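Novice: Here it is, the structure in full.
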């Protein structure tokens, strides 16, 4: 296979690649390694109180504010988040007073930011010419010109688009420590996606999923998570 053919094959493969949902995930945590099934990196320097008493699985409850209590969408997303925490070895406790940890969860989309850029306009910038030699009946030679248009950039136009930022926020706090009025946060995670769409129904589950690839993940860094899609990009 020639080099040109190989390059063309690679380009065609890239063009046929499945679309992905791309999220930027930022996490800080001091979750004890023994609290979870996952073997993800755990922050160093965790407080001794956080590391203690981890022999039994921790129970968590999801704390809602007034606006979230009667939201069907929130209830659906909450269940998705809770099931993923259960997969990490935690216990979903519906009674907040019986939970070891409190989970606070929220999501949002902004009003969008307009982005403008210059897009080239392609057109005919000139012609190249070649000559075909033709013999006449009399034996003389004639040269017939053939003209071929040449394509190039003939100008530019301003293109504007609106980019929306969709975000999910998850915090985990130690309930008993919080009741004492002390610093109680064990985990804070944020996942965001930028898109031409402000739709949340399909984006929020993917943002939640991105926080668990892996969970809790490295602390104090931001990372890009790509989730392959089998349906059109949300």
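In mature numbering (1 follows the signal peptide of the UniProt record, and there is no 0), the protein residues as written are -22 to -1, 1 to 212.
In this text, a Cβ means the ideal position worked out from N, Cα and C, and glycines have one as well.
Here the structure is a predicted model, which means the values were calculated and not measured.
#1: Short check: CB of residue 205 to CB of residue 188, under 9 Å?
#2: Considering only C-alpha positions, which residue in the set 42, 66 and 67 is nearest to residue 55?
#3: Given a cut-off of 9 Å, decide if residue 186 and residue 9 are closer than it, judged by their beta-carbon atoms.
#4: Expressed to the nearest angstrom, what Euclidean distance is found between the alpha-carbon atoms of residue 152 and residue 191?
#5: Along the beta strand (DSSP E) that carries residue -2, what are the first and last residues, could you check?
#6: Can you tell me which of the three DSSP states residue 171 falls into?
#7: Answer yes if the region 159 to 175 comes into contact with the region 124 to 131, meaning at least three C-beta pairs across the two stretches below 8 Å, and no otherwise.
#8: With the cut-off set at 9 Å, would you say residue 146 and residue 84 are in Cβ contact?
#9: Between residue -11 and residue 160, what straight-line distance do the alpha-carbon atoms span, to the nearest angstrom?
#10: Going along the chain, which residues of its own chain have a beta-carbon closer than 7 Å to the beta-carbon of residue 86, five neighbours each way excluded?
#11: Just to confirm, are residue 110 and residue 137 a CB contact at a threshold of 9 Å?
#12: Roughly how many angstroms separate the alpha carbons of residue 173 and residue 122, rounded to a whole number?
#13: Could you spell out the range, first to last residue, of the beta strand (DSSP E) harbouring residue 151?
#14: If you draw a straight line from the alpha carbon of residue 80 to that of residue 5, how long is it in whole angstroms?
#15: In the DSSP output, which residue or residues are listed as bridge partners for residue 104?
Specialist: Inspection of the coordinates gives the following:
#1: yes
#2: 42
#3: no
#4: 23 Å
#5: -3 to 7
#6: strand
#7: no
#8: yes
#9: Note on residue -11: pLDDT 48, under 50, position unreliable in the model; no value is reported.
#10: 145
#11: no
#12: 55 Å
#13: 119 to 152
#14: 17 Å
#15: 128
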